[in-house]
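To keep things clear, I will list the structure first and then write my remarks on it.
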Ligand code: ADP
Ligand code: MG
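In my numbering, the protein residues as written are 35 to 350.
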């Protein structure tokens, strides 16, 4: 990792001395719970991610430090969630982050027609996601878990700007020597992960292709009835671009997705090339709406459905 622009202090004083928790949980994974909180001194809202240091009897503190280091590295990207403070107790590390009031884009991906994204929305949001991803890739960081549950919105009505969260699986590209487990969520992982081939920035680009598909159609392109079927669909790149699903969606959008859902990682287009793609490059659609979106309190955040984060080889 390059020298960080700032070094986050791991505070040992009580989190509850500076914040009060508010409302129900924002989300929950295997080893983390995310709750909304209010900073007592400023009355500002934040999202606190409580991460257990011991998981399955193993000390995972260094994994959490890695997550923090990546968030620090990404401080200068407006599309990566901002890290405000970090607390450490005997059992947990608490990341206090900017609160993304619009919740997961997942909710709009599976919403009814009238609530769903338009192609124009998707163009603006994918443009922002790509700018965030490009920033990571320029710093040799891969996210490895880009999916609709980890892409949040600053507000949902009106539709705000995106914030990429959850760097729990992220890593420096050159530190990836061998992949021993299947990382990420079955529906979104790239074929090279299933085949234990090297991970690269192109691995994230596959996920951007899947994300674009889901955001435009509401359909998860590789999802099968079983995990095995999903994996088979991915490794055979068994994906349909039917008229029914892509009704009213531009040819350029389909071309864009097709240039990402390619089995050979070297043949996929990069984040840079995506931003030059005719589907995205025509207008200046990606500019953030306002800088005050975060102060809006619209749109209740639903707790996402729990999805399996890491599938061990043994269970495949
Ligand atoms: P996990 O590693 O358990 O998946 P995440 O960092 O993805 O943890 O957080 C879990 C969920 O919590 C997210 O999918 C999202 O719904 C919610 N969440 C996380 N960070 C924020 C935030 N900054 N603002 C609002 N909600 C958040
Ligand atoms: Mg997550």
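The C-beta atom is built at its ideal place from N, Cα and C for all residues, glycine as well.
Burial state of residue 48 is exposed, judged by a 10 Å Cβ sphere holding fewer than 16 other Cβ atoms. Each of 184 and 200 has a C-beta closer than 5 Å to some heavy atom of the ligand MG; these make up the full list, in chain order.
For residue 60 against residue 153, the beta-carbon gap comes to about 29 Å, at or over 8 Å, which does not count as contact. Here the distance from the Cβ of residue 114 to the nearest heavy atom of the ligand ADP is not below 7 Å.
Of the residues assessed, residue 260 falls on the exposed side of the cut-off, its CB having fewer than 16 other CB atoms within 10 angstroms. Taking 8 Å as the cut-off, the Cβ atoms of residue 85 and residue 98 count as close. Contact between residue 177 and residue 201 holds, with the beta-carbon distance rounding to 7 Å and staying under 8 Å.
The region 130-139 makes no contact with the region 223-234: fewer than 3 CB pairs, one atom from each, lie closer than 8 Å.
Setting aside the 5 residues that flank it on each side, residue 236 is surrounded in the same chain by 299 and 302, each with a C-beta closer than 6 Å to its C-beta; the list follows chain order.
A residue is called buried once 16 or more other Cβ atoms fall within 10 Å of its Cβ, and residue 282, having fewer, is exposed. By the neighbour-count criterion, in which 16 or more other beta carbons inside 10 Å mark a residue as buried, residue 141 falls on the buried side. With respect to residue 52, residue 77 sits apart: the two C-beta atoms are not nearer than 8 Å. Membership of residue 154 in the alpha helix (DSSP H) is indicated by the continuous run 153-172.
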